[in-house]
Structures are given as structure tokens and as C-alpha cells.
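Report on the structure given below.
Protein chains: 4
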Amino acid sequence: MTIEGKDGTLAFRRIRLGMIGGGEGAFIGAVHRIAARLDDHYVLLAGALSASPAKARRSGLAIGLDRDRAYPDYETMLRREEARPDGIEAVAIVTPNHMHAPAAAACLEAGLHVICDKPLATSLAEGRRLRKLTQGRRLVFAVTYNYTGYPMVRQARSMVAAGTLGRIRVVQVEYPQDWLTTRLELTGQKQAAWRTDPARSGKGGAIGDIGTHAFNLAEFVTGLRVSELSADLTRFVAGRRVDDNVQMLLRFRGGARGMLWASQVAPGHENGLKLRVYGETGGLEWVQAEPNYLRWSPFGKAPQVISRGGVAVDAAAARVTRIPGGHPEGYLEAFATLYTEIAAAIRARSDRHRLAPEVQFPGIEEGIRGLVFIEAGLRSAARNARWQRIGTA
Amino acid sequence: MTIEGKDGTLAFRRIRLGMIGGGEGAFIGAVHRIAARLDDHYVLLAGALSASPAKARRSGLAIGLDRDRAYPDYETMLRREEARPDGIEAVAIVTPNHMHAPAAAACLEAGLHVICDKPLATSLAEGRRLRKLTQGRRLVFAVTYNYTGYPMVRQARSMVAAGTLGRIRVVQVEYPQDWLTTRLELTGQKQAAWRTDPARSGKGGAIGDIGTHAFNLAEFVTGLRVSELSADLTRFVAGRRVDDNVQMLLRFRGGARGMLWASQVAPGHENGLKLRVYGETGGLEWVQAEPNYLRWSPFGKAPQVISRGGVAVDAAAARVTRIPGGHPEGYLEAFATLYTEIAAAIRARSDRHRLAPEVQFPGIEEGIRGLVFIEAGLRSAARNARWQRIGTA
Amino acid sequence: MTIEGKDGTLAFRRIRLGMIGGGEGAFIGAVHRIAARLDDHYVLLAGALSASPAKARRSGLAIGLDRDRAYPDYETMLRREEARPDGIEAVAIVTPNHMHAPAAAACLEAGLHVICDKPLATSLAEGRRLRKLTQGRRLVFAVTYNYTGYPMVRQARSMVAAGTLGRIRVVQVEYPQDWLTTRLELTGQKQAAWRTDPARSGKGGAIGDIGTHAFNLAEFVTGLRVSELSADLTRFVAGRRVDDNVQMLLRFRGGARGMLWASQVAPGHENGLKLRVYGETGGLEWVQAEPNYLRWSPFGKAPQVISRGGVAVDAAAARVTRIPGGHPEGYLEAFATLYTEIAAAIRARSDRHRLAPEVQFPGIEEGIRGLVFIEAGLRSAARNARWQRIGTA
Amino acid sequence: MTIEGKDGTLAFRRIRLGMIGGGEGAFIGAVHRIAARLDDHYVLLAGALSASPAKARRSGLAIGLDRDRAYPDYETMLRREEARPDGIEAVAIVTPNHMHAPAAAACLEAGLHVICDKPLATSLAEGRRLRKLTQGRRLVFAVTYNYTGYPMVRQARSMVAAGTLGRIRVVQVEYPQDWLTTRLELTGQKQAAWRTDPARSGKGGAIGDIGTHAFNLAEFVTGLRVSELSADLTRFVAGRRVDDNVQMLLRFRGGARGMLWASQVAPGHENGLKLRVYGETGGLEWVQAEPNYLRWSPFGKAPQVISRGGVAVDAAAARVTRIPGGHPEGYLEAFATLYTEIAAAIRARSDRHRLAPEVQFPGIEEGIRGLVFIEAGLRSAARNARWQRIGTA
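Residue numbers (the working numbering), protein chains in the order written: chain D, 1 to 393; chain A, 394 to 786; chain Y, 787 to 1179; chain S, 1180 to 1572.
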């Protein structure tokens, strides 16, 4: 129970936070707000919560923002906040994908730290421009690949890094869902509408929305980099404009092989993110829907169930754990862990002290890597699943 | 996602909260603080976080309280806060058990709403005095039997109430842990020390600490009342001063029969709270460590897995759900749900409007019922497990 | 893969077997026949498969018995077989309970080894008479508490015996079913009819049919003996003539405490036999419906899943395992293991060699112990769950 | 409990069986013998159990064959048995792979029914020659893809066939093991030695040994045919002569897409065969290690757990079920079901009656399909995972 800066462990200064997106009908905005509050490192002071000015204002008031800080648009927010002595220091960007890059660029130019939902942008080119903007600025840029915040994911990563599994051979990752089994986007469901609209979500459908999570998780835990991939992308639902099923072969630098499956048309799966890693001396399995457990199979011995907060956790997991084993933490806690680590990074920038190496939230590089992945996947699929190299971007 | 008053659904007025207990080395205090923050209905403004004045002050500052509201003791807090125009309205009491009653009494007398951890007190007599104090005062008194906040527990309760299971026949509830398998209380572990010390925890050990949770959950879900119980209490660890294993037969009014097992010496269990309810037409199973699922077995049909946020949830569960199915919520969210409902109740008292009947947090009666249970259990155990009636208290 | 006398490991002489009961409409008879065949230690040559002579003959022919050995009744079978040079050596008794004792007595008097289904008889007095008949006769008497044949049950037993769990403290055993949730006995279902008829099943219902299995398993695995019990027996289904739900507190010699639940009215459970044993240094859990796995929780370490045929099995389990881990064995294999061990015992008697101590099938003493258990349970229930001592019978 | 011809349902005539292979040190031979015995449709009368004459004789005697029918080699067996009036009618071939085709050819030419383990042969050309030999002969030719015998696999197949899942979109199948994680073949372990030796197992390693099972299961359940595949095959263990890890993209005729993973180097998996099928209206999941359950997720409703022998089984599953739900059947029972169905087919040929369409054991076509799959996989892997068409062979 030692998240850096968590309850009781750090002298307090809450980060002054603004938010772009996340108004009425949104999903991930409320998640970010809870995540920011949970460990008490932020105070949300300003927002431009919708692309519609009226809705933006209304949404801001509904969540308790002060009248003069519930802004109609983010340009106004950035301008006015800059003028305030108590203006915001950081911004959470939780819009549909196509707004990530312009909003993030504006925030960077306003000298604000950025917490951006994934994927970073709708094209690799955009992502690279953002990276350029970060250069030379002492600003934190985080991309919320939130599954990296789960304690048992951290333990998996540290076990691999410590060599507990030996050299990694096989990496199987999957992220099946079923919510787009039918053409939900025609029903007025807001999430389905924008996530299947190339203009707002980018050219990728499932590959961008959930495939990137799977890809990020695989690389985060193994520390390996995919060197090439072969992708079969499908649109199973008639009329859908983006892929809703992704199947890939992966090859990693160093020789490991993998498979990645992401689907939005797999009935029975809500958010079935699952990672399995096999090395010369053992195997690991982690399932997002039961995130408090890590199955560890040392070769030649009985498989073990390592539980978050339990007797077999290592320092990497313990550091991001709030409550004892058997009392489950979940998605919001993992998300909050990223926020807490981002707060530590923001304070480190402000105070010019070194950030502890254990702080592991994904940043601009992971964001760009996700875009490289999407583009390689789309290119491979367009070429009948021919192998595509993934560079270092 | 419609917790009354949750993010985006209610015009905002945050409850001004104080806290008694929960300083350095405490467990449940930090949980209450997160729970209060999570849905943004409270602002923690004052605290007397320890029985030791110096530690109380230090702990208060560490969590970011203002210098003048990090009080050395709760009497001072109550006195000074009463004098402030922006004084606290409600107090969370998160001390060891023996301090619950005096602190709660003082708060009630100061006209403050009370959120008290369980068990309500260390004796039934104390509990009854508290109840007396609540009478005639328009104050909310909540007892945080936190497992009642889980969405699938709410669904279980509403399914039983709707008659989906038919008349209830059998109720099996258990709460095994293993953390006291050895004599941890001798090692300086603070939680073990006070929880096995009759002077601080009350005469019951496991029966009070976790048995009450199991009992409360069984009655909460089934809507039934235990009419008599037969208890075998054991102290397996040599030298321990309170019971560490509880085994009971239960009889319910109306004819249902049950068993209750609570143990702190069951290796392999962290917080193994589990409830199973069987009626004429179906059975339910819920396991706290995997709280997002409810197993429902309609007699003569295939068992189903109902998931929180999923396609088969009812209104009672949906109302207290924040995020979609497959993205797990956990212990802190369930705890936060109680806080959010308590906030609604506090506002209802202030505004003299009726509280929605769906608000279901446990109150003084459930608190007293827990004490009746403990005393009946201890009495039965002292009489070689002879049946003891449980009155209406 | 070293069951004594199994495929390939013993010079062959198949035991000549007869059967009493198990004709048309029966359940357990076919199970015994498969169990006898599976490891090839028996050849079924004669049968009196029903109390109705015509049905007995017809049933015998249907399963391929020779015309002259498909007998109309067991008296005839015993008489005629005795006269044959190739007459049967052993008899499997698979009738409804009330016929066990008379049939077994007749077999013993005819000098035949007996394999009797459980419970041994419908009264303790009958059981004792049978035991008397075995004395002085060099005959094997087996009682098919078949769950003792599961490899992981054997491993659990040997782990307890080796002290791996330390001194045992808590034993939780349960056997819920749901098939008698409604009054199935009125529908003509043969199994329900006799099992709820005191004249054929004995005074106990669930307590005799499945409670005895739970009790046997608890004692078999722990090696402990229950010294007293307190029982609440219920008939939930209106009009039913025997108990359909059993709830008990158990006290073991040496200080361990336990609970036993057996139910036939618990919707969602088919054959939910489950045993959990907790000692000073670890806990074990075994579930009959997933019999190939044993969950072992060494205190202070991560729980492990030991799989039948896998890397962590001990000699006791390996000895009764046929196929590799991950290829499940089930109920019939466990049953067959008893038959194979019984064959070894029969050969040992014939050849006057010592039987290996690893052979562990239940015999007349376990059969009698089951009757003691039933009678104590019924007596306790009749006295409002007052404690009843269980002697050594 | 209505397997055609099973215990009690058919006038009896046991098939006279011989066996080739399966002597000392073998694994699958003993499995076939148990499978043949279990439902009592065969009597094993003759055998040539090893390629070594002395070992063949010794092994035959050890399992109880008559002295004159424990043959030194299969040619002798076929010649002598043909001459006997009570000679064998059918032969089980359970040798290493390279002997399948010559032995099967000899049996067919001797007019005997053949039950051949998988894969059918070590090359497609061999397989085709065998098929030619079956033409015009009224002989049964079975290939023991044994997983098709599991009741819940049958139910999965019949649910797909009935359209319960709608049009199939995605098929995910995997078969991970871990037994070849190290170079076991160098230790003298007989199974590892021949299965990694191209001269005895064929050019494929994991692809032939377990990949074929996965492939067969996917086609068996879905009724779909793979039209092309893209395969990445790896040899992770240094010095190994065949692949030990197989990763594939699959495309099915009609548009479904799939993935197949087979591995022998995945620590933590014993025999992790698992099939998932997703259609427009629902998804199915079946796991071989817990074969008595089928998870069925109708889109938009709560997932259900259908249990073998339980309330939700259909006729296809019930027909091949022996014992009630909750009493697990396993690998040997599924294998025995194939034997029982093969017996029915043999009797149908002899008696010239029509075989019930529900009899579904795999035959020569499925055997050849497995070889087509292996060759396409090897070819694709050799071409950097280029798509290879799978014809109708």
C-alpha cells in the first residue's frame, strides 16, 4: 500500500486539473474523473466537456464545476485558465479519437501537462507531430492504456523482467467483446456511433479501440517489441464501416511468437482482455475480468494463484495496491493508479526531482507505438495478411 | 449508472465530512476516505484521526486537512466545528470497536449525521443507548456493512424479494479468512492486536469482526430474520483471547434453515465471504472475491452467470453500477455506493424530501441486529451450542 | 499409472463376479458393471438383477449373461453358482438399501466376497449382524463409498497423514443436490421413489443417501473420527417422508471442528460434494465435480492447483491414476479404482499374501460407521439438535 | 443414457477385436483397451502389441491374451486369425504414426474393420492409398479423433447445426501442452522420442500430434470447412527436429475466420484443448479439461452453463451420456463412446442394416482431412506463412 504520493504518504499539493470531453452521454470521461479523485491527487477545476458549447457548459455545471470554469470550448478554457493565478496545470483529454491530437497540441502549446485517452491520435503522422511538440517542453504526456495500472499486470511485468520465466517464447493476447454483434451504431447509441465512424475513431475499428490495448499490454508485460505482424481484419456486421474482428500473427524481436485476437462480435465476452506469456521456465496468465489474480505456472511445478494484496505479491504489485487481498480492486483503481503516477511525474517536473523508476504509466512513445500498430495492421490486412514490419517509429 | 446523486445526475452540494479514527497504521479509515471521494458527494474537512493527540494531528496533516481542522481529539473537533459556519455536517467513525459508541453518541449530541463502521458497539446495551439517542433527532445513522453495496448483492436481494426463488428454504453463508492462522497479534501488527483484544474489539473475535458481516449479508439478501441459532465458537490459536472460528446452525422465521461459518484460521482464504440462497424455484450464489458475478440457477434450467453491468442485470443492480460489464468494480466501489446513498439520505433530511426506497444502506437497526447476533452467538457457545433465540432487539 | 493389478502389471486371473440388483431402471448397477470391467479384473458371469423374477431374468439377458446364469432371484443364484466348478467368487450388491443386509448375509454364508453399495444397511443393528458374519471368514467385504477412489482424494488423505497441513482444525464438507427440489417421488421416477421411502431406503433420506458420503469422505481424508454431532434435519418438500436437507455441527476427537451440509433441495447443484480441510500450516479443497484438481494452500504461500497426473502428484494419487494430467478421469474411474483394489484384496485372500497397505477401499467398518452416523444424526435431530456422541460402534 | 448398443439396450454380440501396437511403455494402447471394454461391445482376443516380436508376445500375455493369440507381429496375427473360425473381426491400430498405414492396409486386405489412431498416416499420399483400399470393401474404417466423443462436443455440434448460433463468424481453437518445454526426447522417454522423430511421427511435430485434434474439433463442431490457412511453425527447443509450436490464421468457406494455436512448450498447460465458436446470435465455449460443461452465451442474455447429464442437454449429448450430471465423465468415456459407435457401425455392416445418423465417429475422410491440414500447414510455414488453400482432398 505504497503508491507514491497516495493517501498518507506524501505532503499534499493537489494537481489542478482541467478536462476536455467527457460530457453527457460519454463513458470514459466519468472514469477519468473518478480515477483522478480516487487517490486525492487532483482537483478538477475546469472543463470543456463537449464539442457543443451549450452541452459543454451544461455538463460542466452538472458535475459541480464553478460557473466560470464550465467552459463552452477548450480554446476558451485554455485561454482563460492561463490568465488565472490558480489556473489548471494539467488537462485530461477524453474526447472521441479524432479530437485527441488537436486538443493535445493546444494543451502542450499552452504549457499544460496532458493526460490523453488512447489511441493517441487517428494517424501516425498526427502522433509524430504531437511527439515533436513535447520535445523541449518539460511537460508530462500520458496516454491512458489503463490496463497497465493493474497490480497483477505490474507483477507479471516484473516477473518477466526478472527472468523468472526465462527467455520468452510465446505470447497470446486477446480482447474479445460482444457489444457490436449487431449494428448498434444505427440505434443512436453514442459510443457505438463514434467508435464505428472512421471520421471520429480513425480508420481502424476494433483494431484501434481494443486491439491497441491488447498490443500495448503484450509489450508492456513482456518488455518485448513486435517486429512484424500478419493481420486478418474482418467486418462481420453488414454495413459496418470499420473492422469488428482482428486476428493476427505476431513475431517479436528476439524470436518470440504470438497471436492477437480482438473482436467486438464475440457473444459472451464483455471485456475479455487476457494475456498469456510462456517462457522457457514458466507461464503466466492474467484475465482482466478477474484482475486480482495472476496464474503462475513454473515449469515442472504446480501452478500457483498469486493474488493482489496476498502473500506472494512482489514490490511492483504491492506498490500500487490499496487494500488487502480478497477484497477486490477493479478497473477504476487501476485507472486511478495511472493518475496517481502521473501526479507524481507532474510534481517531479515541477520540483525538478527525479521520478522513481517504478512509475510506469504509458507516455507518448507508447501512444505512438499504438498508432504504428494500427497502421501496420491495416496495411497487412489490405495486402491479404502479408507480414508488415513494425519499426521503432 | 444511475446511483442517485452520482456523477452528473444531481445538482451539487457536497456533504461536509469529518472523521474520527483512521490515522497512521489504520486500515479502514483510508477505505472510508476513498469511498467518500469516489462519487464526489463529500468533502473531508476535519478529522481527529487517532486517540493519541499528536498522532491525530500528524495523521490529519498527512492526508491534507487544513492545519486548524486536523484536531487532536474528537471532542475538540466537535466543539470547534460546531462553532464554524462551514462546520462539518456528518462524521465517519472508523476507530477500533470500543470507541464506536462513545464517539457516535457525541456526534449525535452535536447534531451530526453518523457513518459508523461495524460492529456498532461492543455490547448490545451500548447499541440500544445509541438507538435511543437517534430517536427524535433528524439525523442519519449509517452502519457500514459494506458488502450490501455490491451491485450483485442488490440484485440477489431484489430477486429474492420479487419471489424469483420462491419461498426460501436454505441459506448458507461463510466468511473464511486465514490471516490469524498464527498468533499475529504478538508481532506488533496493529490490526491483529486490537481485533483480538476484548477490551477494544468486544468479547467476540471472528464472530464480531466477520461473522457479523456474514449474518448481515444473509439477512439483507433474503429479507428473512434469523429466529434462533446454535453456535460453536473455538479459539484454535493457543493464547488467543477471543474466538477465531465460528460455526453455527441458523433457523429463520418462516422455516428456512441455514449455516454460518466464519473463520480467521482457514489457510487459503483471504476474504472468502460467500452467500448461497436456495428457494423452491431456484438458487443464487455470490462470492465476494468475484463480486461482479451472480450465479443464478433456476430449478430445471441451466445455471446462468449474471454479470454486473451486463445484459441480465435488474434495476436494483444497475442503479449502483458505474462502469460496463467486464470492467470489474470492487470493494471500494461497493463501499462508495453506501457513502453515496448516505449522502442522498443526508440531503433528504436537510431538504425534507422523501428518500427513494431503493436506497438501502444499513442503519442503526442493522447495527443493533449485529450486536444481538454476537451476544446470542457467545451465549450459545457458552452453553455448548444450545439454541438461542434472537429477538427483535 | 500403477494401480496394483491394473493393465499390464499383474499376471491375470479375473475374478468371477455375480450381481444382485441393478436391473431395468436402476442407476448404480450399470455403474458397478462398468467399474468392474474398466481395469479388466472381473468377469461378470451371473446375476439376479431384480426382486421381480421375470424382470431379473430379462435384465440379465439384456446385459449379455448366459441364459442359465441370468437368475430369477439371488437365493437361486447363490445355490446354483455354489454347485458350479466355475461358480462366482464375489458378488456386487446394488439393490435398494433395505436389501443390502439380507443379500450380503446370504453371500457371506455362501462363502462369497461381498462388494456392497452404501449405506451398508438400513439400521445399525443389521450392520452389526453383518460384521459378526464376516468374523472368522476369510472374505473381503467392501462398501462402495466410491468418492474415496478419486486420485486427488487419495492425495489429500496422504498429505494430511504426512502432516503437511499440521494439526487439523476445521473440516467443512457438503453434498448439495437439487434433484428432489420438487416431489419427484410422485412421478414414477424409480430412483426418487425408493430413496424417499423409509421402507426401502431406511429412516434417513438425504442423510443416508448423500450425508453418509460426505461423512465418510471427511473421515477418510482427515483420518480423524467425529466424536459428536449436532444435527438439524428438515423435510422441505411437503408430503416427503424423509429428510431432504441435513445441517450439522461436527466435533472431532482431538479438537477439530466441522460442519456438514447435505441437501437434495438446493437448486443449481447436481452432485456438489466438496471437502475443505484446514490445519495449522495449510488448507486443502477438493470438489467432486472437478475431481482432477486439488487446491492446496500452504499458509503464507500462494495457493497451488495440484492436478491428477500432473507434476505435483504424490505416490498415493499416482498409484490410482490411469492417464496423463489434463485428460480428465471421472466418477467411473474412481469407482473402478475401488473395484481394482478389491480385486487385489480378493486375490490376497485367495493366495494368502499380504495386501499392500496402499489399498484403501472402505470395508465393513466404514460401512458400520456410516450407520452410526445416520442414527446419531436422526437422534440429534429428534432432540432439537442436541449433541450426540458417536462411539466406536 | 442411450448410447446405441450400450448396456442393456441391444441384444448382445461382442465384436472380436485384435490390436496392433500398444505394448510395454505405450500410452494410447491401454486407453484403447479400456475404451473397448467400457461399454462391453468388444472382446479383445488377439494382439501384436509391439514391433519387437519378443516384446509383442510378452506384452500380450501381460494383458491376459491367450498364449496362442499373443502374436509376435501383425502379419502373423492376420494370417492365423483369418484361419480361425472365431477369428477377429476388427483391429485397433495404436502404433506410432509411421506404422498406421501399412498396418491398416494389411487389415483391410485381410477383410477386417479398422480402428486407427490419428493421424491416419505420415503423408497425404499414404492416406489416399488407404482410402482407395476401403473402396468397394464393406469395412468400417474409424480414426480416433477422440475428442469428438465428448457429450458436450456433440451438443455443441448439434447446436451449431440447428442454427442456434446463427451464421458462424469466428472460430478460436487451441491445444497447448507443456510436456516438451525441455528436450525430453533425449531422456529416454518413449513418447517424447517417437513423437519428435520425423521418421516415426511424420514431418509435423505439434501440428500432427495435437494440431490435428484442434483442427478436427473445429471442423467437427462447426460443420464448416477450412478453405485456407496461414501458418507460423516454430521449433523453440534447440535441437528439436520437428515443430513444437503452431500458430495459424484460418479462413473457412462461407466467410468465417479463425485462429489455431497448438503448442508443446506452454508451461502450465497439460492438455489445454479449447474451442470457442461465435455466431451472429451466440457463442459457445468448451474446454477439454472440464469436459462436462459447455458455456453457451446467447447474445443479449446471460451466459449459461450447460452440464452433461443436466437439465439443458439435448438429444445428441444425452445419447452418449452414461451417468447423471455432476458425476463427471472424462477422457476414457469419450473414447469409449467412439468405440461403441464403431461397434454399432460394424454390426450394421454385418447385418446390412442402416446405421443411425446420430452415429458420428470420424472415419477415413476425417483422417485424410487431417493429413491435408498437416501438409498445408507445413507448406505455409515453409513459405513464411503464405496462405495455402485446403482442397477437398
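Quick reminder that beta carbons are idealized off the backbone N, C-alpha and C, glycines included.
So which residues of chain D does residue i contact, with C-beta pairs closer than 7 Å?
| i | result |
| --- | --- |
| Ala-585(A) | Chain D residues near Ala-585(A): none, gap ~12 Å exceeds 7 Å. |
| Gly-1384(S) | In chain order: nothing, as chain D lies at least about 15 Å away. |
Is the beta carbon of residue j closer than 9 Å to that of residue i?
| i | j | result |
| --- | --- | --- |
| Gly-47(D) | Ala-56(D) | yes |
| Arg-742(A) | Gly-718(A) | no |
| Gln-1146(Y) | Leu-1061(Y) | no |
| Gly-1509(S) | Asn-1078(Y) | yes |
| Phe-692(A) | Pro-1053(Y) | yes |
| Arg-169(D) | Val-1444(S) | yes |
| Gly-604(A) | Ala-655(A) | yes |
| Val-94(D) | Ile-15(D) | no |
| Met-470(A) | Ile-481(A) | yes |
| Val-277(D) | Ala-156(D) | yes |
| His-269(D) | Gln-191(D) | no |
Apart from the five residues just before and just after residue i, which ones in its own chain have a Cβ nearer than 8 Å to its Cβ?
| i | result |
| --- | --- |
| Arg-389(D) | Ser-227, Glu-228, Ala-376 |
| Gly-559(A) | Gly-672, Glu-673, Thr-674, Gly-675 |
| Ala-1285(S) | Tyr-1253, Glu-1254, Leu-1257 |
Ordered along the chain, which non-local residues of its own chain (more than five positions away) have a Cβ less than 6 Å from that of residue i?
| i | result |
| --- | --- |
| Asp-1186(S) | Confidence in Asp-1186(S) is poor, its pLDDT being 43 and thus under 50, which makes the residue's placement unreliable; the coordinate value appears in the next sentence. Answer for Asp-1186(S): no residue qualifies. |
| Ala-837(Y) | none |
| Ala-1098(Y) | Ile-1092 |
| Tyr-339(D) | Ala-35, Ala-36 |
| Ile-374(D) | Gly-204, Ile-207, Gly-208 |
| Leu-10(D) | Confidence at Leu-10(D) is low in this model, with a pLDDT of 46, below 50, so its placement is unreliable and the value that follows should be read with caution. Correct list: empty, nothing qualifies. |
Using a C-beta to C-beta distance shorter than 8 Å, which residues of chain A count as neighbours of residue i?
| i | result |
| --- | --- |
| Gly-325(D) | Glu-663, Asn-664 |
Considering only residues of the same chain and omitting the five flanking positions on each side of residue i, which have a CB-CB separation below 7 Å?
| i | result |
| --- | --- |
| Met-1438(S) | Gln-1351, Met-1427, Leu-1428, Leu-1429 |
| Arg-1169(Y) | none |
| Ile-1182(S) | Because the pLDDT at Ile-1182(S) is just 42, under 50, the model does not fix this residue reliably, and the value given afterwards should be weighed accordingly. Excluding residues within five positions, the ones whose Cβ falls inside 7 Å are Asp-1218, Arg-1498, Val-1499, Thr-1516, Thr-1519. |
List the residues of chain S that residue i touches, going by C-beta distances under 9 Å, in chain order.
| i | result |
| --- | --- |
| Gly-922(Y) | Chain S residues near Gly-922(Y): none, gap ~33 Å exceeds 9 Å. |
Using the beta-carbon of each residue, which ones in chain A are nearer than 7 Å to residue i?
| i | result |
| --- | --- |
| Ala-1535(S) | Going along chain A, no residue has its Cβ under 7 Å from Ala-1535(S), so there is no contact; the nearest lies around 27 Å. |
Kindly list, in the order they appear in chain Y, the residues whose Cβ is closer than 8 Å to that of residue i.
| i | result |
| --- | --- |
| Gln-155(D) | The premise fails here: Gln-155(D) is roughly 11 Å from chain Y at the closest Cβ pair, so nothing lies under 8 Å. |
Q.
Extract the residue ranges of the alpha helix (DSSP H) inside the region 1266–1339 of chain S, only unbroken runs of 4 or more that lie entirely within it.
A. 1279–1288, 1303–1313
Q: Please list the segments of the alpha helix (DSSP H) lying wholly inside the region 1384–1465 of chain S, counting only runs of 4 or more residues, in order along the chain.
A: 1391–1401
Q) In chain order, which beta strand (DSSP E) runs of at least 3 residues are fully inside the region 296–364 of chain D? A) Taking only runs of at least 3 residues, the beta strand (DSSP E) segments lying wholly in the region 296–364 of chain D are 304–307.
Q: Please name the residues in the region 1465–1478 of chain S whose beta-carbon is closer than 9 Å to at least one beta-carbon of chain D, in chain order.
A: Arg-1474, Trp-1475, Ser-1476, Pro-1477, Phe-1478
**Q.** Any alpha helix (DSSP H) of 4 or more consecutive residues that is wholly inside the region 1346–1370 of chain S
**A.** none
Q) Of all the residues that make up the region 412–444 of chain A, which are near chain D by a beta-carbon distance shorter than 8 Å? A) Glu-417, Phe-420, Ala-423, Val-424, Arg-426, Ile-427, Arg-430, Leu-431, Asp-432, Asp-433
Q: With 8 Å as the C-beta to C-beta threshold (strictly closer), list the residues of the region 1107–1131 of chain Y near chain S in chain order.
A: Arg-1108, Ile-1109, Pro-1110, Gly-1111, Gly-1112, His-1113, Pro-1114, Glu-1115, Gly-1116, Tyr-1117, Leu-1118, Glu-1119
Q: Output, in sequence order along the chain, the residues in the region 759–786 of chain A whose CB is closer than 9 Å to any CB in chain Y.
A: Asn-777, Ala-778, Arg-779, Trp-780
Q: Pull out every residue of the region 700–712 of chain A whose Cβ sits closer than 7 Å to any Cβ of chain D, in chain order.
A: Ser-700, Gly-703
**Q.** Under 8 Å (Cβ pairs) to chain Y, residues found in the region 138–153 of chain D
**A.** none
Q.
Residues of the region 843–874 of chain Y in Cβ contact with chain S at a cutoff of 8 Å, in chain order, please.
A. Ser-845, Ala-848, Ile-849, Gly-850
Q: Give the residues from the region 624–652 of chain A that approach chain Y closer than 7 Å (Cβ to any Cβ), ordered along the chain.
A: Here the close residues are Asp-625, Thr-627, Phe-629, Asn-638, Gln-640, Leu-642, Arg-650, Met-652.
Q | Contained beta strand (DSSP E) runs [length at least 3] in the region 26–76 of chain D, N- to C-terminal order | A | 42–48
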